[in-house]
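To keep things clear, I will list the structure first and then write my remarks on it.
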Amino acid sequence: MPSTPPVSADTESITPVLGTGPVAAHSATAAPESRIPNPESPSPQPSVPVPTPELLDQLRRDSDRLESATPKEILAWAVERYFPKLTMATAFGPEGCVILHYLAEVEPRVHVFNLDTGYQFAETLELRERIKRRYGIEVEMKQPELSVAQYEAFHGGPLYKTQPDRCCFDRKVKVLQQAAVGFDAWMSGIRRDQSPDRAKAPIVGWDKKFGLVKVSPLANWTKQDVWKLITDLDIPYNPLHDQGYTSIGCWPCTRAVMFGEDERAGRWSGFAKTECGLHSLEAASANDEAAPRATGL
Ligand code: SF4
176 MPSTPPVSAD TESITPVLGT GPVAAHSATA APESRIPNPE SPSPQPSVPV
226 PTPELLDQLR RDSDRLESAT PKEILAWAVE RYFPKLTMAT AFGPEGCVIL
276 HYLAEVEPRV HVFNLDTGYQ FAETLELRER IKRRYGIEVE MKQPELSVAQ
326 YEAFHGGPLY KTQPDRCCFD RKVKVLQQAA VGFDAWMSGI RRDQSPDRAK
376 APIVGWDKKF GLVKVSPLAN WTKQDVWKLI TDLDIPYNPL HDQGYTSIGC
426 WPCTRAVMFG EDERAGRWSG FAKTECGLHS LEAASANDEA APRATGL
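In this note's numbering, each residue carries its 1-based index in the sequence shown increased by 175.
Listed below in structure tokens is the structure:
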């Protein structure tokens, strides 16, 4: 939650919300008794606000207008519109590091969090400390209900080997749903040229999955744009990128890519899976209610 007192944020565009609806429980299957929290139990899920058509229209206009803005200008717009009810999720990828760099210049009090699945690389966790030292921004680590040991004990082993969608849902999506409570908007570092799933991402859109406005300041930037800024300004980044890891997530589901492979080829290698579920509803969040739903989970 924001730790700073409210300022004169203009949250007018988020207020015309019609109502709320329950988030579908992932599973309500009965489970054997356990001494650890039961991940199969239908734990309370936050309700998800439903936007009005007027709000969707407004977001569409905002997004169109911001198409020609720079990432820093988009970020400043988001801060002016939504802070302190603005949050950001980062996995400390190069895009996230660029946004953190700009945040330090625009409004370092914006709440930032990381989905700490328990499976992250040591290099990723160390980067959090380097970001803190460089910018004074302390990224909050949001953990799932169960530790890795508890989760694997409950399921008889790691689910990432057999059910990565379920593992991502439990250790990322559910955590973000909880983390989103109390905020009006969230930012992510996705770029349209990263994958077909992300190609339709608007600069600003309604995120149905989390019931928030989603702002993507780097949507129309390229990989080259990101790395040029990192190099020019000596922005901290994950050293694994220098070892062939082009996209970095949890260590069991990430490998280095070979020359000529797609940027995200090293994620969930061997599975058809290409997204963790956080960004897989881009079509639905493209400010177009008629857009088809992607099936990310
Ligand atoms: S990326 Fe892999 S280890 Fe991480 S939450 Fe998803 S399936 Fe589990």
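C-beta: ideal position from N, C-alpha, C; glycine also. Quick caveat: nothing in here was measured; it's all calculated off a predicted structure.
- Here E313 has K307 as same chain residues with Cβ atoms under 6 Å from its own Cβ, once five neighbours each way along the sequence are excluded.
- The ligand SF4 never approaches R439 closely enough for any of its heavy atoms to be under 7 Å from the residue's Cβ.
- R346 and K336 have their C-alpha atoms roughly 14 Å apart.
- Short of 8 Å from the beta carbon of W426, and not among the five residues preceding or following it, lie these beta carbons of its own chain, in chain order: Y294, Q295 and F296.
- Annotated as distal: L302 and P392, with beta-carbon spacing of 8 Å or more.
- Counting along the chain, no alpha helix (DSSP H) covers D382; the unbroken beta strand (DSSP E) around it starts and ends at V379 to D382.
- For D409, the closest of R305, M362 and W252 by C-alpha to C-alpha distance is R305.
- Taking the C-beta atoms as reference points, G424 is found no nearer than 8 Å to V432.
- For H330, the enclosing alpha helix (DSSP H) covers residues V323 to H330.
- Between the ligand SF4 and the CB of K317, the shortest heavy atom gap is not smaller than 7 Å.
- Setting aside the 5 residues that flank it on each side, P414 is surrounded in the same chain by E298, each with a C-beta closer than 7 Å to its C-beta; the list follows chain order.
- A328 is positioned such that its CB atom lies no closer than 8 Å to that of I365.
- Between L278 and L300, the gap from beta carbon to beta carbon reaches 8 Å or more.
- Contact check for V287 and T265: beta-carbon distance about 6 Å, within the 8 Å limit, so the pair qualifies.
- Secondary structure note for A360: its beta strand (DSSP E) is the uninterrupted segment A360 to M362.
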